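For the sequence shown, the tail end lands on 352 under this note's numbering, and the numbers increase by one without skipping.
No residue lacks a Cβ here, since even glycine has one placed at the ideal position from N, Cα and C.
Here the structure is a predicted model, which is why all the values come from computation and not from measurement.
Written out below as structure tokens is the structure these notes cover.
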Amino acid sequence: MSRILIIAEAGVNHNGSIDLAKKLIDAAKECGADIVKFQTAKLDALVSKCAPMAEYQKENTGKTESQKEMLSKLLLGYEAFEELAAYCKYREIEFLSTPFDLDSIDFLNPMVRFWKVPSGEITNLPYLIRIASTHKEVVLSTGMSTLSEVKAAVGALQDHGAGGITLLHCTTQYPTPYEDVNLNAMLTLKEEFGVSVGYSDHTKGTEIPVAAAAMGARVIEKHFTLDCNMEGPDHKASLEPSEFAGMVKAIRNVETAMGSFEKKPSPSETANLAVARKSIVAARGIRKGELLTEQNLTVKRPGNGISPMKWFDILGTEAVRDFGEDELIEI
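Shown next, in the form of structure tokens:
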């Protein structure tokens with residue numbers, strides 16, 4: 022990844038409508054995202070009929086139905102994803118979808134360049150083995166995980182043939198309180214595993230993903246919607262297009278500003294060297310042959326003469342010619 026990869030996580034914010042999904046693709050492209058990502062699952066393979074909704078889902082939807090009832094209204098069928106992948110190709114934005122069951126991995130395999138594994142599957146060994154067996158690169162979210170759980174998942178992926186692995190720090194709460202972000206843990210993942218890292222964000226606003234970019238994230242994922250007030254579990258923790266575009270611009274600016282590790286004057290500031298720095302000049306008129314002393318020398322702008330760092334090299338030498346007040350000293 023030569024630059025930060027920005028993923029617009031459309032997820033299920035299409036609310037089960039392929040037309041709305043296409044509008045999300047259009048908007049993600051216009052916002053400057055590299056990838057638009059969805060979620061693919063067979064309902065009966067994903068969740069049991071007795072699985073409850075998360076508290077944030079209840080709060081965001083205002084309902085107390087089961088997860089299965091909620092998702093039955095949100096998931097798109099396989100045929101829809103074939104159409105969305107083709108539409109992404111037409112719009113020249115990369116298609117990606119996270120599979121949530123083994124059949125969906127097999128279905129998506131010909132359609133995706135790499136895998137995005139969600140936090141909830143990090144302890145699902147059969148799932149990780151099936152992902153790894155495709156030998157593709159994996160971007161793994163680590164929400165809700167301990168370091169030992171991440172280690173086990175990474176080991177399973179590597180042992181079964183996965184390509185390169187990127188670990189995303191993540192906090193699985195929608196929205197995530199700032200005090201729970203713990204962004205420094207992203208650096209711990211990089212140090213512990215020696216892999217590329219990134220950040221999957223569920224906070225409100227754009228400050229944290231921009232900060233993650235400044236800290237070395239190579240992948241930024243952020244939930245994306247056309248309208249935060251739409252009905253559904255994830256809209257309220259998502260960015261609308263204008264906000265997402267602003268985040269993309271800020272990340273790109275940070276990415277450009279990171280530069281290299283070499284400390285040297287930048288091209289844009291070189292012209293200011295003579296203007297801002299100072300030189301050794303005559304404090305008053307000086308005659309040729311006169312000793313140069315602290316009484317007849319001083320330091321003033323501009324900086325295109327002898328550097329004041331040579332002050333003690335100049336003191337005690339003889340003036341090579343007459344100098345007028347404020348004239349740059351020569352030797």
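Since residue i and residue j are thought to touch, with beta carbons under 8 angstroms apart, how far apart are those beta carbons, to the nearest angstrom?
i, j, result
"Ile46", "Ile241", "Between Ile241 and Ile46 the Cβ distance is about 18 angstroms, and since that is not below 8 angstroms, they are no contact."
"Ile352", "Trp332", "About 12 angstroms separates the two Cβ atoms, so there is no contact after all."
"Ala54", "Val269", "7 angstroms"
"Leu64", "Ser38", "In fact, because the Cβ distance is near 17 angstroms, the residues do not count as touching under 8 angstroms."
"Thr192", "Gly164", "6 angstroms"
"Val159", "Ile152", "6 angstroms"
"Lys44", "Leu247", "6 angstroms"
"Asn36", "Gly176", "Not a contact, Cβ separation roughly 38 angstroms."
Just to confirm, are residue i and residue j a CB contact at a threshold of 9 angstroms?
i, j, result
"Phe245", "Ala29", "yes"
"Ser263", "Lys243", "no"
"Phe135", "Thr61", "no"
"Val341", "Lys321", "no"
"Phe265", "Ala49", "yes"
"Val72", "Ser125", "Per the sequence presented here, residue 72 reads as Ala, with Val not at that position. No, they are not a contact pair."
"Leu222", "Gly32", "For the sequence presented, residue 222 should be read as Asp rather than Leu. No, they are not a contact pair."
"Thr209", "Leu168", "yes"
"Ile229", "Ile27", "no"
"Ser154", "His181", "yes"
"Leu97", "Ala42", "yes"
"Gly267", "Leu294", "no"
"Gly184", "Lys157", "yes"
"Leu117", "Val133", "yes"
"Ala303", "Asp347", "yes"
By a C-beta neighbour count over all protein chains shown, 10 Å radius and 16 as the cutoff for buried, is residue i buried or exposed?
i, result
"Tyr195", "buried"
"Thr119", "buried"
"Gln78", "buried"
"Glu142", "buried"
"Asn34", "buried"
"Met74", "buried"
"Tyr111", "exposed"
"Asp122", "buried"
"Gln316", "exposed"
"Phe282", "exposed"
"Met330", "exposed"
"Leu336", "exposed"
"Leu95", "buried"
"Ala278", "exposed"
"Tyr148", "buried"
"Ala233", "buried"
"Leu189", "buried"
"Gly280", "exposed"
"Leu313", "buried"
"Arg305", "exposed"
What three-state label does DSSP hand residue i in the structure shown?
i, result
"Leu247", "coil"
"Lys321", "strand"
"Val33", "coil"
"Val68", "coil"
"Gln60", "strand"
"Asp222", "strand"
"Ala258", "helix"
"Leu105", "helix"
"Phe116", "strand"
"Val341", "coil"
"Val160", "strand"
"Ser386", "There is simply no residue 386 to check, as the chain begins at 22 and stops at 352 in what is shown."
"Leu294", "helix"
"Lys270", "helix"
"Ser169", "helix"
"Ile28", "strand"
"Ala233", "helix"
"Ile350", "coil"
Which one of the options has the shortest CA to CA distance from residue i?
i, options, result
"Phe344", "Ile307, Trp332, Phe59 and Thr155", "Ile307"
"Met236", "Asn293, Val275 and Gly184", "Val275"
"Val296", "Tyr199, Gly184, Thr85 and Gly326", "Gly326"
"Glu339", "Val216, Leu318, Ser328 and Gly324", "Leu318"
"Thr187", "Tyr199, Val68, Tyr220 and Leu204", "Tyr220"
"Glu115", "Tyr99, Val57 and Leu96", "Val57"
"Lys70", "Gln88, Thr82 and Met251", "Gln88"
"Ser358", "Val216, Ala292, Cys52 and Ala206", "Examination of residue 358 is not possible in this model, given that the chain is present from 22 through 352 alone."
"Glu104", "Phe59, Glu86 and Leu146", "Phe59"
"Thr224", "Val231, Pro198 and Asp248", "Pro198"
"Met251", "Phe102, Leu146, Asp334 and Thr82", "Thr82"
"Glu261", "Ser287, Thr227, Glu311 and Glu290", "Thr227"
"Pro131", "Phe102, Val218, Val68 and Ser217", "Phe102"
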